[in-house]
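J.:
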Amino acid sequence: MSKILVIEDESAIRRVLVKILSEENDTYQVEEAEDGLKGLETIKNNDYDLVLCDIKMPKMDGVEVLEAARKIKPEIPFIMISGHGDLDTAVNTMRLGAFDYISKPPDLNRLLTTVRNALDRKELVVENKILKKKVSKNYEMVGESKEITIIKDMIEKVAPTDARVLITGSNGTGKELVAHWIHEKSQRSNAPFIEVNCAAIPSELIESELFGHVKGAFTSAVKDRAGKFEAANKGTIFLDEIGDMSLSAQAKVLRALQENKISRVGTDRDIKVDVRVIAATNKNLKKEIEEGRFREDLYHRLAVILVKVPSLNERREDIPLLIAHFAKKIASEQGIVPKAFSDKAIKLLKTYDWTGNIRELRNVVERLIILGGKEVSEADVTLFASK
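Residue numbers (UniProt numbering): 1 to 387.
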């Protein structure tokens with residue numbers, strides 16, 4: 001059932017709207033309020049999928065209802081009802097967040113089409129929120145050690161700002177996960193999060209990948225193409241393995257950070273971008289600077305906040321929690337019953353030298369779930385996960 005609230009002070013129009021909607025679709029549950037104050041109170045105490053709201057009403061007009069409702073329940077779409085002479089106000093309400101408006105007397109086809117579109121939009125918003133929660137679970141930070149608690153505390157402080165972040169740590173420690181969490185806890189969380197693995201892109205293509213190109217810029221440039229910086233506009237770009245980026249690309253990234261402008265390969269035309277930059281590397285960038293492979297000015301632009309992700313060997317007390325997390329996740333992915341790990345199996349795994357860090361631990365847990373007994377034992381670990 002879709003719950004719809006009609007807020008309208010003219011009883012005749014209110015009755016018509018309720019009748020049309022109720023008779024049009026038996027899945028519409030339509031309720032009514034005769035003025036803005038009662039309407040807002042009803043919204044506070046109930047959950048609605050859609051609100052139809054008159055603009056001119058006594059006690060509290062429709063614009064005030066819309067503004068107040070968006071502060072407490074911003075996900076509810078509003079369709080405003082405008083009388084003769086209210087057109088400018090109706091258009092302005094869309095700038096304030098209304099989904100659309102209809103005029104009095106309501107045109108039947110336009111009313112029903114607008115209602116269907118608004119409900120479809122609400123359903124899409126709900127689906128996106130569910131998807132976002134699923135995405136968040138994929139990047140859950142697991143652990144209670146002192147080292148990981150420090151990282152979590154830093155993220156809480158840094159995420160709401162637009163400060164650039166440089167994440168360091170060995171391969172497999174979870175640098176990408178830290179970047180995702182910074183984005184998801186930021187004010188840019190509803191905007192794009194664009195990942196670029198600088199080590200995986202050939203040096204001759206990295207500039208085109210980051211900044212785009214115009215048609216004819218090089219042999220295979222058969223049409224204009226936007227780059228990752230443009231794709232990340234208003235959001236976050238994550239430059240993974242930035243230590244592998246060419247010096248020429250570094251110079252362009254530096255300009256983007258300094259001036260919030262980029263230019264596509266093959267043209268000097270500037271394009272303004274509003275992007276938060278998070279970078280990560282497994283290299284010692286200060287050593288790279290000394291050897292002339294990394295720009296010192298770019299390093300200082302990126303390293304406003306430095307986050308060092310500890311190795312798994314530095315946070316061994318988190319291994320039992322990580323094993324339980326991976327065992328549950330892998331069982332869910334493969335559609336099998338989760339397996340428990342015996343205390344002795346976990347104790348033995350805690351003694352291993354995890355050179356591949358969390359990524360290696362996950363692989364080992366998956367191997368033991370597939371090859372081990374009903375409960376993964378110490379013998380299983382010795383047999384299938386010996387180091």
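For each residue, glycine too, the CB sits at the ideal point set by N, CA and C.
Computed from a predicted structure; not experimentally measured.
State the beta-bridge partners of Asp120 as determined by DSSP.
T.: Answer is none; Asp120 lacks a bridge partner.
J.: When burial is assigned at 16 or more other CB atoms within 10 Å of the CB, is Ser386 buried or exposed?
T.: By the neighbour-count rule (16 or more Cβ atoms within 10 Å), Ser386 is not buried but exposed.
J.: On the three-pair Cβ rule with 8 Å, is the segment 64-79 touching the segment 40-50?
T.: Touching, yes.
J.: For Asn117, I'd like the list of residues in its chain whose CB is within less than 7 Å of its CB, leaving aside the five on either flank, ordered along the chain.
T.: Around Asn117: no qualifying Cβ.
J.: Just to confirm, are Arg295 and Leu247 a CB contact at a threshold of 8 Å?
T.: Closer than 8 Å, so yes.
J.: Kindly identify the DSSP beta-bridge partner or partners of Cys53.
T.: Answer by DSSP bridge pairing, in chain order: Ile7, Met80.
J.: Assuming Thr168 contacts Leu306 (C-beta within less than 8 Å), just tell me the rounded distance between them.
T.: At roughly 7 Å, the Cβ-Cβ gap stays under 8 Å, so Thr168 and Leu306 are in contact.
J.: From Lys175 to Ser186, what does the alpha carbon distance come to, in whole angstroms?
T.: If I take the Cα positions, the gap works out to 17 Å.
J.: Pair every Cβ in the segment 375-386 with every Cβ in the segment 335-348, then say whether three or more of these pairs are closer than 8 Å.
T.: They touch, by the three-pair rule.
J.: If you follow the alpha helix (DSSP H) that Ala68 is in, where does it begin and where does it stop?
T.: Run containing Ala68: 62-72, per the alpha helix (DSSP H) assignment.
J.: Along the chain, where does the beta strand (DSSP E) containing Thr168 start, and where does it finish?
T.: Start and end: 165-168.
J.: State the Cα-Cα distance for the pair Ala98 and Leu371, rounded to the nearest angstrom.
T.: So the two alpha carbons sit approximately 56 Å from each other.
J.: Can you check DSSP and say which residues form a bridge with Tyr48?
T.: Tyr48 pairs with nothing; no bridge assigned.
J.: Put Ser2 into one of helix, strand or coil per three-state DSSP.
T.: In the structure shown, Ser2 sits in a strand (DSSP, three-state: E or B).
J.: Going by DSSP, name the residue or residues bridged to Ile341.
T.: Just to set this straight, residue 341 is Phe in the shown sequence, not Ile. Paired residues: Val376.
J.: Can you check the segment 216-303 for any alpha helix (DSSP H) of at least 4 residues that lies completely inside it and give the ranges in chain order?
T.: Qualifying alpha helix (DSSP H) stretches, in chain order: 228-231, 247-259, 285-290, 296-302.
J.: Which residues bound the beta strand (DSSP E) around Asn197?
T.: Note, Asn197: beta strand (DSSP E), 193-197.
J.: Taking all protein chains shown into account, decide if Ser203 is buried (16 or more other Cβ within 10 angstroms of its Cβ) or exposed.
T.: So Ser203 counts as exposed.
J.: Within the same chain, show all residues whose beta-carbon is closer than 6 Å to that of Lys166, passing over the 5 residues directly before and after it, in chain order.
T.: The sequence shown places Leu at residue 166, rather than the Lys named in the question. Answer for Leu166: Ala279, Leu302, Ala303, Leu306, listed in chain order.
J.: Taking 8 Å as the cut-off, decide whether the C-beta atoms of Ser82 and Ile43 are in contact.
T.: No, the pair does not count as a contact, with Cβ atoms beyond the cut-off.
J.: How big is the Cα-Cα spacing for Ile150 and Trp181?
T.: If you take the alpha carbons of Ile150 and Trp181, they lie about 14 Å apart.
J.: Out of Glu32, Asp26, Lys339, which one is the CA nearest neighbour of Ser11?
T.: Closest by alpha carbon: Glu32.
J.: Looking at the unbroken alpha helix (DSSP H) that takes in Leu312, where does it start and where does it end?
T.: Here Leu312 belongs to no alpha helix (DSSP H), and DSSP marks it neither H nor E.
J.: Starting from Asp35, trace the alpha helix (DSSP H) both ways and give me its first and last residue.
T.: Asp35 -> no alpha helix (DSSP H), and no H or E assigned at all.
J.: Could you check which residue in Met94, Leu66, Glu144 has the C-alpha nearest to that of Glu314?
T.: With distances taken between Cα atoms, Glu314 lies closest to Glu144.
J.: Give me whichever residues DSSP pairs with Tyr28 in a beta bridge.
T.: Tyr28 pairs with Ser2.
J.: Kindly list the residues whose CB is nearer than 6 Å to the CB of Leu249, restricted to its own chain and excluding five residues on each side of it in sequence; keep chain order.
T.: For the sequence presented, residue 249 should be read as Ala rather than Leu. Closer than 6 Å at Cβ, skipping near neighbours: Ile206, Glu207.
J.: Are Val381 and Leu368 close, meaning C-beta to C-beta below 8 Å?
T.: Yes. Within cutoff.
J.: Return the first residue and the last residue of the beta strand (DSSP E) that Asp86 is part of.
T.: Per DSSP, Asp86 belongs to no beta strand (DSSP E) and is neither H nor E.
J.: Would you list the residues sitting across from Tyr352 in a DSSP beta bridge?
T.: Paired residues: none, contrary to the question.
J.: Let me check understanding here. Comparing Cα to Cα, which of Leu21, His183, Thr173, Val65 lies closest to Arg359?
T.: Comparing Cα-Cα distances from Arg359 to each of Leu21, His183, Thr173, Val65, the minimum goes to Thr173.
J.: Thinking C-alpha only, which one of Arg70, Pro320, His325, Ala232 is nearest Lys272?
T.: Answer by Cα proximity: Ala232.
J.: In or out: Glu317 buried (at least 16 other Cβ within 10 Å) or exposed?
T.: Answer is exposed; the Cβ neighbour count stays below 16.
J.: Who does Ile305 pair with in a DSSP beta bridge?
T.: Ile305 is bridged to Val165.
J.: Exposed or buried, Ala159, counting other C-beta atoms within 10 Å across all chains shown (16 or more means buried)?
T.: Buried: at least 16 other Cβ atoms inside 10 Å.
J.: Distance check for Leu177 and Tyr139, CA to CA, integer angstroms please.
T.: So the two alpha carbons sit approximately 6 Å from each other.
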